[in-house]
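Peer 1:
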Amino acid sequence: MPLIETKDIKKDYLLGETVVHALRGVDLTIDRGEFVAIWGPSGSGKTTLLNLIGAIDEPSSGQLLIEDQDVSRLSDNRQTELRNESIGFIFQGFNLIAVLSALENVMLPLQIKGKSFSVAKDRALSRLHEVGLSDFVRHRPDKMSGGQQQRVAIARALVTNPSLVIADEPTANLDSDTSRSIIGLMRSLNEKEKTTFIFSTHDQRLLDRVGRLVRLEDGRIIDGGDGK
Amino acid sequence: MTKWTKIALRNILKNKRRSFVTLLAISIGFTAVSLFRGYTHNTYEGLRTSAIRGEGLGHLTIYKAGWIDKGKIDPDKYMFSMEDIKTITDIAEEEDDVLLATPQLHLSGLVSNGDISTIFLAQGVIPRDDKTIKGAWAAFRPVRGNVLDEKKPYGIEMAEDLARHLNLSPGADGVVMASTLDGQMNALDIQVSGVYDSGSDATNDKYMRVPFSFAQSLYDTEKADRIIVLLDDWKKTEQARTRLYNRLSRAGLKCEIKTWNELSLFYSKVKGMFDMIFIFLFSIVFIIVVMSTVNTMGMAVLERTREIGTLRALGLKRRGVSVLFAIEGSLLGLIGSILGAMLNVGVWAVIRAVEPTYIPPGVSTPVPLIVNLVPQTMAGLMIFLIFLSLTAAILPARRAARQNVVDALGHV
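For the record, the sequence lines run as chains S and G.
First residue of the first sequence? That's 542 in this note's numbering, and the numbers climb one at a time after it.
First residue of the second sequence? That's 194 in this note's numbering, and the numbers climb one at a time after it.
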């Protein structure tokens, strides 16, 4: 059973009076433990596809199955629970909660899940240690560099032990060295824990590190959709 | 502290200026309403005591049925006989919460110093019962000279302005004239035992207090026009009225019973005016608090749209987002109320220390400006403002919760 399966997914937006076809029928299958990059030029539909796979957006037509569950048939609350339990997000702009420390940010998904403070704290500390931020647990985001913030975001994405981590342009706001370091970190976590990573990028320098490359152009998969 | 309270509190502290303005609005609103309530509380208390004790209305006044409408035309018919008085006072004094039941006879006529005459209105009271009714209030407006005394049936108390107009001081003699119940002119000698301040411009040049027996002599009757009932607690007034009315009816006495607040026109009017001012002030505070909180929370939702998107992506349900902002609104209400309570106590302490006085309209002497601290009002106001801030935060919070996650994440 694949982790993710999209069947002829389409997504249209209304921009003023113009209909924008962001995705024009995407069939994609991703198995557990894969390290997949969605690659393509700006406007090709990378972010739209990731939003749909992350269950934070709904397709105009087609079907999305996550762990064999048809996402569009789930209620909003159930989709929210699915995100909390099975999906981790890493955003281009890090999206850390400004008033919380690194530790509190990483604890948040577990606390939303209902875990006790001590359990959440222990797991969050462990994840922050893994991403090399043991000395920064009390720091608030505005006191950290971009690379450090993205490491906190990675720790936050992984703290619930999700089966899938989605990263939308995770290195877009980082310099080359930090970008390589972040991708390296994601790759090592993928190899160590077999967590599935799907991330979008248009940075060609990072593509040699990915396990699988899905090329998207004009809302269609040009290459890599079947995993071969 | 829960994680959501922590986030809410930190966001309040993060937006210092905006939170400060909202907290200022809530705390000043709290203080204004609470101080005004404290002032009216004291004023009502004072007016109530003044009516019950000062005016000698007691808590209940029992009239013979028909006295209020037709008593002026045919007073003799609508007065209580000696037998009625005994029956009524006996029944009343059997009640546990009745301290005293005493007959009175109110008079009107002319009073003269030998050279000039003027009209007067007088209460004919039993001196020892009048002393009981006045109680501690007597010290508030002391009588200059001597008070009424059973042993001196012609000794009367005269209001200050009336005494001044007639140039009568304690110990001076005069004459009162009035029609008896049969319509004959009657005149009796008086001696001014004491002079007192009635507390009101309208009555200070007319009022007198005379012994009950003297009043009966002047009207040439053995009757009383009313019976005053004093209770041990003003809060029991209504229930005592009902109980007494029922008992008197069963005894075959047709009576009308009025409460002190029904008879004290001044109390009713002042209370009506203050209640209206209170509603007006409360409405203004209500609008300011609601608008300020809605504005603050609306801005907070707008600024934190991306944060809302992130929380939703991380698995926070819509209800959770609403709760987060509702907590923030409630905290604003709570902190604002606490600050308001502190400000209230501060202003109260300053007023207590300065002891300012003022002369209210229609009152003959300056009265101290006293503001009570009313814990029930403060607690009620605090609960109300927290609830109001929470409710004001609900609208923007619900709007925040309904946002599309992708749109929220893409918000700049």
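All C-beta atoms in this analysis are idealised placements derived from N, C-alpha and C, irrespective of residue type, glycine included.
Just so we're clear, the structure is a prediction, and the values are computed from it rather than from any experiment.
1. Please report the straight-line C-alpha distance between L517(G) and A590(G), rounded to a whole angstrom.
2. Using 8 Å as the threshold, is the segment 348-360 of chain G in touch with the segment 379-388 of chain G, meaning 3 or more CB pairs across them?
3. What residues match up with Y412(G) in a beta bridge as DSSP calls it?
4. Are there three or more Cβ pairs, one per stretch, closer than 8 Å when the segment 366-380 of chain G is compared with the segment 323-339 of chain G?
5. Helix, strand or coil, according to DSSP, for T712(S) in the structure here?
6. Based on DSSP bridge pairs, tell me the residues matched to L555(S).
7. List, in order along the chain, the chain A residues whose C-beta lies closer than 7 Å to that of V483(G)?
8. In angstroms, rounded to a whole number, what distance separates the CA positions of F473(G) and T215(G)?
9. What are the complete alpha helix (DSSP H) segments, minimum 4 residues, inside the segment 198-242 of chain G?
10. With distance defined between alpha-carbon atoms, name the residue in Y551(G), S442(G), A519(G) and E500(G) nearest to A184(G).
11. Could you check where the alpha helix (DSSP H) with Y438(G) kicks off and where it finishes?
12. Going by DSSP, which residues form a beta bridge with V755(S)?
13. Beta-carbon separation of Q689(S) and F677(S) under 8 Å?
14. Rounding to the nearest angstrom, what Cα-Cα distance links T414(G) and K451(G) in this structure?
15. What residues in its chain sit with their C-beta under 7 Å from that of R728(S), if we drop five residues either side in the sequence?
16. With contact counted as at least three CB pairs below 8 Å, one residue from each stretch, are the segment 410-428 of chain G and the segment 277-285 of chain G in contact?
17. Terminal residues of the continuous alpha helix (DSSP H) containing D598(S)?
18. Assign K344(G) to buried or exposed, taking buried as 16 or more other Cβ atoms, counted over all protein chains shown, within 10 Å of its Cβ.
19. Compile a chain-ordered list of the residues in the segment 503-516 of chain G whose CB is closer than 9 Å to at least one CB of chain S.
20. For I312(G), which residues of its own chain have a beta-carbon under 8 Å away from its beta-carbon, when the five flanking residues on both sides are left out?
21. Would you be able to state if there are at least three C-beta pairs under 8 Å between the segment 399-411 of chain G and the segment 452-464 of chain G?
22. Confirm, please, whether the CB-CB distance from T701(S) to E626(S) is below 8 Å.
23. Which residues of the segment 737-754 of chain S have a Cβ closer than 7 Å to any Cβ of chain G? Give them in chain order.
24. Beta-carbon within less than 6 Å of F325(G)'s beta-carbon, same chain only, minus the 5 sequence neighbours each way: which residues are those?
25. Threshold first: 3 residues or longer. Then list the beta strand (DSSP E) segments lying entirely within the segment 280-332 of chain G, N to C.
26. Is DSSP giving G491(G) helix, strand or coil here?
27. Is the number of C-beta pairs between the segment 754-763 of chain S and the segment 591-601 of chain S that are closer than 8 Å three or more?
28. So, does the segment 475-494 of chain G touch the segment 571-588 of chain G, judging by three or more C-beta pairs under 8 Å?
29. Say whether chain G places a C-beta atom closer than 8 Å to the C-beta of Q689(S).
30. Could you tell me the boundaries of the beta strand (DSSP E) in which M257(G) lies?
31. Can you have a look at S602(S) and say buried or exposed, based on whether 16 or more other CB atoms are within 10 angstroms of its CB?
32. Within 10 angstroms of its Cβ, does H252(G) collect 16 or more other Cβ (buried), or is it exposed?
33. Whose Cβ in chain S lies nearer than 9 Å to the Cβ of K207(G)?
34. Less than 8 Å between the C-beta atoms of I587(G) and A519(G), yes or no?
35. Quick one: is D267(G) buried, meaning 16 or more other Cβ sit within 10 Å of its Cβ, or exposed?
36. Taking Cβ positions, are I628(S) and L705(S) nearer each other than 8 Å?
Peer 2: Let me spell this out:
1. 8 Å
2. yes
3. Y412(G) pairs with nothing; no bridge assigned.
4. no
5. coil
6. V560(S)
7. No chain A is present in this structure, whose protein chains are S and G.
8. 21 Å
9. 209-242
10. Since the first and last residues shown for chain G are 194 and 605, residue 184(G) lies out of range.
11. T430 to R443
12. I579(S)
13. yes
14. 24 Å
15. F576 and R750
16. yes
17. Neither: D598(S) is in no alpha helix (DSSP H) and is coded neither H nor E.
18. exposed
19. T503, L504, R505, A506, L507, G508, L509, K510, R511, R512 and G513
20. S301, G302, L303, V304 and K399
21. no
22. yes
23. none
24. What sits at residue 325(G) in the sequence shown is Thr, not Phe. Only L293 meet the Cβ criterion.
25. 291-305 and 310-318
26. helix
27. no
28. yes
29. no
30. Here the sequence assigns Lys to residue 257(G), which means Met is not the residue at that position. It spans L253 to K257 - the beta strand (DSSP E) in which K257(G) sits, taken as one unbroken run.
31. exposed
32. buried
33. A639 and V640
34. yes
35. exposed
36. yes
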